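Its first residue numbered 1281, the sequence shown is counted upward by one per residue in the working numbering.
Ideal placement from N, C-alpha and C gives every residue a C-beta, glycine not left out.
All values reported here derive from a predicted model rather than from experimental measurement.
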Amino acid sequence: MRRKITLKDIARELEVSISTVSKALKNSEEIGRDTKEKVQAFAKLYNYKPNNIAISLKNKHTRNIGVVIPDIVHHFFTTVFRGIEKYANSRGYNVIVCVSDDSFNKEVINMEMLANGSIDGFILSLAAETLDKGDFNHLKQIREQGIPLVCFDRTTTEVDCDRVIINDTDISFEVVKKLIGDNRRKIGLVTNVGFGDVSDKRERGYKNALEENGLPFDENLVLRLAYHDVEEEVIAEFFKSREVDAVLCVNEIFAIHCLGIVQNLGYSVPDDIAFVGFSDGILSKFSRPTLTSVAQHGDQMGQIAAEILIEKIEAELEENEIETYRTEIIQATLIERGSTRN
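Pasting the structure below:
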């Protein structure tokens, strides 16, 4: 089956900008006659069919932003959404949110539904299944049509877009270094299965801190769990069969589950085992003991993502100007509470 030709393909073949192609196909007076004829002839030869939805997005601002997040009940994602909505509303934009439930298919369907002329651009955190599959064609198609996209937290380098993330590797390094400074020597890691970049970076920081402080990395001290299927028996067996005196958990849900299970097994927190998690949500503040946690500053992340997206929506690229992308890194902070204080 012949691949559908895009504006980007025409621009590349004729060595002109995407903007020039778009204007030439609409008979714009800004484009010279020769260029218009050349573009239109090429489009006809290759049976180019314009995406009317994308065209409406480019030519008529709806002042709506589409947001696709993996999980609505997770504290981190709700705070990011609040940050997006607060800033967007202050600029006169409305926000439409969809939840992928970490499903690749739902993520694709959500984006197709939103890209029907009702939004001006996307803010997205990738579904776990999308990261597992490594299939980002739906995002590439969005970008090829000129629809602005900002990814946050769970991102990919496979797609040309702006990104907002935290310093995952550095903050994990600092957490483990702090635990070592508290005379912990058997430090475990509870992490996700298949979450790609975020989990990988946090594990890298964990390993780097061990290495720099002369402690060996032991795979037996790493527990890998599926995000939506936290098996209590697996967690209990992990702690019963291993000597662990501190644990870094890559999210709040894992940390709270582990915290409760080890106490049911008769361990004292933090005397026997210290715990640190990510997100710093409501669960962290009201657990017993309260959970030492990495604050990811979701509201700030959401605000910056919205700022970048609206800037892209309202920007007009000059002729032959190459679009640039940036990655904003937010500095996470450690909030120490009862789960690490002796």
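Asked: Those residues which DSSP pairs with residue 1555 across a bridge; Found: 1527
Asked: Cα-Cα separation, residue 1603 to residue 1345; Found: 20 Å
Asked: Close-in-space but distant-in-sequence residues of the same chain around residue 1369 (CB under 8 Å, 5 per side omitted); Found: 1375
Asked: Pick from 1537, 1354 and 1306 that is closest to residue 1379, judged by C-alpha positions; Found: 1354
Asked: Straight-line Cα distance separating residue 1506 from residue 1531; Found: 12 Å
Asked: Whole-Å CB distance - residue 1619 paired with residue 1569, under 8 Å assumed; Found: 5 Å
Asked: CB contact flag (residue 1489, residue 1527, <8 Å); Found: no
Asked: Test item: CB-CB of residue 1424 and residue 1288 under 8 Å; Found: yes
Asked: Buried versus exposed, by CB contacts within 10 Å (16 or more), residue 1419; Found: buried
Asked: Close Cβ partners of residue 1328 (< 6 Å) along its chain, the five nearest in sequence each way excluded; Found: 1285
Asked: Identified DSSP bridge partners for residue 1432; Found: 1444
Asked: Closest by C-alpha distance to residue 1558, when choosing among 1499, 1536, 1372 and 1387; Found: 1536
Asked: From 1544, 1561 and 1560, residue whose alpha carbon lies closest to that of residue 1553; Found: 1544
Asked: Residue(s) in a DSSP beta bridge with residue 1310; Found: The partner list for residue 1310 (beta bridge, DSSP) is empty, contrary to what the question assumes.
Asked: For residue 1350 and residue 1388, the rounded distance between their alpha carbons; Found: 12 Å
Asked: For residue 1504, the first and last residue of its enclosing alpha helix (DSSP H); Found: Where residue 1504 is concerned, there is no enclosing alpha helix (DSSP H), although the beta strand (DSSP E) it sits in stretches over 1502-1505.
Asked: Distance, residue 1607 Cα to residue 1443 Cα; Found: 5 Å
Asked: For residue 1455, the three-state DSSP class (helix, strand or coil); Found: helix
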